[in-house]
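Here is the structure we will look at, set down as structure tokens.
In UniProt numbering, the protein residues as written are 1 to 355.
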């Protein structure tokens with residue numbers, strides 16, 4: 001059975017695909033879920049971050065949730081990531097990013113947390129700023145360096161910082177590196193490669209997708225074929241590292257404001273240019289920018305979550321079908337900051353748990 005976690009306005013939607021019908025549970029009501037992650041080593045262990053209510057954990061695949069209140073002083077969790085390669089006993093090593101920007105790490109399933117290095121000592125720190133709340137900035141997303149086990153961390157906005165190994169020091173951003181990456185994608189079959197889906201292309205055409213083949217030391221544009229310059233979501237096929245999808249709009253207003261929404265999805269295979277995909281998706285006009293996720297088990301299967309619903313592709317993103325979930329009116333007209341801080345997590349759940 002497939003299970004989906006949808007971080008929606010004021011609630012976490014847990015949706016089970018029962019083979020054509022869907023069972024929905026509404027969790028964390030009255031909160032704003034912002035991010036979610038699954039522990040690859042602990043069956044049914046899930047994490048969900050919220051805007052102002054801290055980090056939450058589930059040990060039954062999302063049916064029940066408990067607050068992890070100790071160890072992270074910041075209540076706004078903007079990203080959560082569980083290492084696919086590092087564990088300590090039962091649990092995978094989990095990282096949580098916050099507003100203002102800090103990264104916390106736990107090696108015991110969230111019971112104890114420590115700050116991961118001193119981000120505030122970086123020389124670029126004073127320049128970081130999130131435009132809608134310029135006095136703040138946040139850890140937008142965290143990814144793992146598949147070659148070394150270190151971290152890539154995108155700061156919203158102003159930097160992409162790195163840590164070469166799990167216990168090292170932060171490496172500051174440099175000229176030419178991503179400034180406002182909304183998504184970072186790595187793949188175990190392509191060590192040292194990382195892609196960033198950015199808003200950088202709005203100010204500097206060609207820099208909407210940036211790619212590094214040397215572990216983040218140098219970056220080059222990989223935007224050929226993109227007609228929209230503001231990128232939000234990104235996903236790579238779980239089995240084929242050369243198939244990627246991005247969601248895009250012309251600018252932030254078209255991405256998040258339902259009254260001006262206009263967004264599309266692009267697909268890329270190997271060294272070919274990006275190509276827009278439309279068949280089976282809702283009209284671009286009125287559609288907010290989508291969260292994207294690859295199925296963790298099925299090759300060629302992707303999912304897209306936007307203000308109009310949840311969509312599935314079984315042919316590597318070429319064509320799509322709407323999944324017939326009950327859909328609330330407030331999802332369609334959600335506020336810009338709610339769409340900006342949204343997330344999609346795809347799980348395989350059976351009698352033995354989630355993976």
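Yeah, the Cβ is synthetic: ideal placement off N, Cα and C, and Gly gets one too. Here the structure is a predicted model, which means the values were calculated and not measured.
| Mapping DSSP to helix, strand and coil, what is residue 336? | The sequence position of residue 336 within the chain shown is 336, counting from 1. Correct three-state label for residue 336: helix.
- Item | Close Cβ partners of residue 301 (< 6 Å) along its chain, the five nearest in sequence each way excluded | Your numbering for residue 301 matches position 301 in the chain shown. 295 and 314, listed in sequence order.
So what does DSSP say about residue 109, is it helix, strand or coil?
-> Counting from 1 along the chain shown, the entry for residue 109 is found at position 109. Here residue 109 sits in coil by DSSP.
### Task
Kindly indicate which three-state DSSP category residue 314 falls into: helix, strand or coil?
Along the chain shown, one-based indexing puts residue 314 at 314. Correct three-state label for residue 314: coil.
**Item:** Beta-carbon gap between residue 200 and residue 212 smaller than 9 Å
**Value:** Here residue 200 refers to the residue found at position 200 when the chain shown is read from its first residue. Here residue 212 refers to the residue found at position 212 when the chain shown is read from its first residue. In this structure, residue 212 does not lie closer than 9 Å to residue 200 by Cβ.
Margin query: Under 8 Å: do the segment 81-99 and the segment 119-129 share three or more Cβ pairs, one atom per stretch?
Written below: no
Any non-hydrogen atom of the ligand NAD within 8 Å of residue 315 CB: Inclusion of the ligand NAD in the displayed structure is not the case, the ligand content being empty and no account of it being possible.
Name the residue from 22, 236, 134 and 261 whose alpha carbon lies nearest to the alpha carbon of residue 336. Here residue 336 refers to the residue found at position 336 when the chain shown is read from its first residue. Nearest of 22, 236, 134 and 261 to residue 336, Cα basis: 261.
_So, for residue 147: in the same chain, excluding its five sequence neighbours on each side, which residues have a beta-carbon less than 8 Å away from its beta-carbon?_
Here residue 147 refers to the residue found at position 147 of the chain shown. Excluding sequence neighbours, residue 147 sits near 191, 192 and 215.
So for residue 207, helix, strand or coil by DSSP? Against the chain shown, residue 207 aligns to sequence position 207. Of the three classes helix, strand and coil, the one that applies to residue 207 here is coil, per DSSP.
**OP:** With a threshold of 16 other CB atoms inside 10 Å of the CB of residue 8, please say whether the residue is buried or exposed.
**Re:** Counted from its first residue, the chain shown places residue 8 at position 8. Residue 8 is buried by the Cβ-count criterion.
Note to self: Which complete alpha helix (DSSP H) runs does the segment 216-258 hold, if anything under 4 residues is left out?
What the structure shows: 252-256
Closest to residue 217 by CA distance: which of 274, 152 and 229 is it? Here residue 217 corresponds to residue number 217 of the chain shown, with the count starting at 1. Among 274, 152 and 229, the Cα nearest to that of residue 217 belongs to 152.
Checklist entry - Does DSSP put residue 67 in a helix, in a strand, or in coil? => result Counting from 1 along the chain shown, the entry for residue 67 is found at position 67. Reduced to three states, the DSSP call for residue 67 is strand.
- request: Alpha carbon to alpha carbon, how far is residue 277 from residue 319? Give it in angstroms, no decimals.
  value: Against the chain shown, residue 319 aligns to sequence position 319. Against the chain shown, residue 277 aligns to sequence position 277. Straight-line Cα distance between these residues: approximately 7 Å.
> DSSP puts residue 199 in a beta bridge; with which residues?
Replying inline: Here residue 199 refers to the residue found at position 199 of the chain shown. Answer by DSSP bridge pairing: none, since residue 199 is not bridged.
**Asked** Between 225, 127, 235 and 239, which lies nearest to residue 172 when the distance is taken from Cα to Cα?
**Response** Your numbering for residue 172 matches position 172 in the chain shown. When only C-alpha atoms are compared, the closest one is 127.
| query | Near residue 352, what residues of its chain come up, given a Cβ to Cβ distance below 8 Å and the 5 sequence neighbours on each side ignored? | reply | The count along the chain shown starts at 1 and reaches residue 352 at position 352. Residue confidence for residue 352 is low, a pLDDT of 36 falling below 50, so the modelled location carries little weight and cannot support an answer.
For residue 188, the nearest candidate out of 242, 223 and 221 (CA to CA)
In the chain shown, the residue the question calls residue 188 occupies position 188. Comparing Cα positions, the closest option is 242.
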